[in-house]
Structure formats: C-alpha cells, structure tokens
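Engineer:
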Amino acid sequence: MPRIKVLYFARAREVTGGLADETHDLPDDECHTDALRLALVAKHPGLESVLRTAVFAVNQEYSDGRVSLSERDEVAVIPPISGG
Numbered sequence: 278m279p280r281i282k283v284l285y286f287a288r289a290r291e292v293t294g295g296l297a298d299e300t301h302d303l304p305d306d307e308c309h310t311d312a313l314r315l316a317l318v319a320k321h322p323g324l325e326s327v328l329r330t331a332v333f334a335v336n337q338e339y340s341d342g343r344v345s346l347s348e349r350d351e352v353a354v355i356p357p358i359s360g361g
C-alpha cells in the first residue's frame, strides 16, 4: 500500500479541522488521484464541496485528470484563490 502525503491549503485546511497535512495509504490497484479524492471525502466529508473546484498538485506539478501515484508522493489540495 503506497503511502501518500496530502497537503491542505486555504478552505481545504479549514474543513479538515486545521490540518496542514496527513498521510493516506491507498491500495496498490487504486493508487491514483481519483481514488485519493474518494478517500479524502470519506475521511473528511466537508471536503466534497471543496474538491469540486480544487486542483491537485502532485510533487509540486499541477495535475489535470487522473494521475497515478507512488509511494511517498506528495499531493497538495489547492482550492481556488479568491479575493481582490
């Protein structure tokens, strides 16, 4: 089971109770960003609305769509930036 480090920013951090980061173990056959998204919502239901508009950065590279993950990968959950 690959262990993935997840970083939370802005609203994502708020709905996880102020967590800056945590680790998730994903099954070998489901080690991709889609499975991680489901695991995050299962653990933190408040993330569901945040993840609708958030993007993932895998190892500091913005990802688009489903990305395969490996042991020790780092995934940042980055909600849209707001303000003026």
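If you read the sequence shown in the working numbering, its first letter stands for residue 278, the second for the next number, and so on. Note that beta-carbon positions come from the ideal geometry of N, C-alpha and C, so glycine has one too.
State yes or no: is the C-beta of residue 279 within less than 7 Å of the C-beta of residue 340?
Structural biologist: Not a contact, by the Cβ cut-off of 7 Å.
Engineer: Rounded to whole angstroms, what is the Cα-Cα separation between residue 321 and residue 292?
Structural biologist: Between residue 321 and residue 292, the C-alpha separation is close to 7 Å.
Engineer: Put residue 318 into one of helix, strand or coil per three-state DSSP.
Structural biologist: Correct three-state label for residue 318: helix.
Engineer: Pull up the distance between the alpha-carbon of residue 344 and that of residue 310, whole angstroms please.
Structural biologist: Distance between the alpha carbons of residue 344 and residue 310: 5 Å.
Engineer: Curious, which full-length alpha helix (DSSP H) runs of at least 4 residues does the segment 303-347 contain?
Structural biologist: Runs of the alpha helix (DSSP H) inside the segment 303-347: 310-320, 324-328.
Engineer: Find the nearest neighbour of residue 282 within the set 317, 357, 342, 323, judged by alpha-carbon distance.
Structural biologist: Of 317, 357, 342, 323, the residue nearest in Cα terms is 317.
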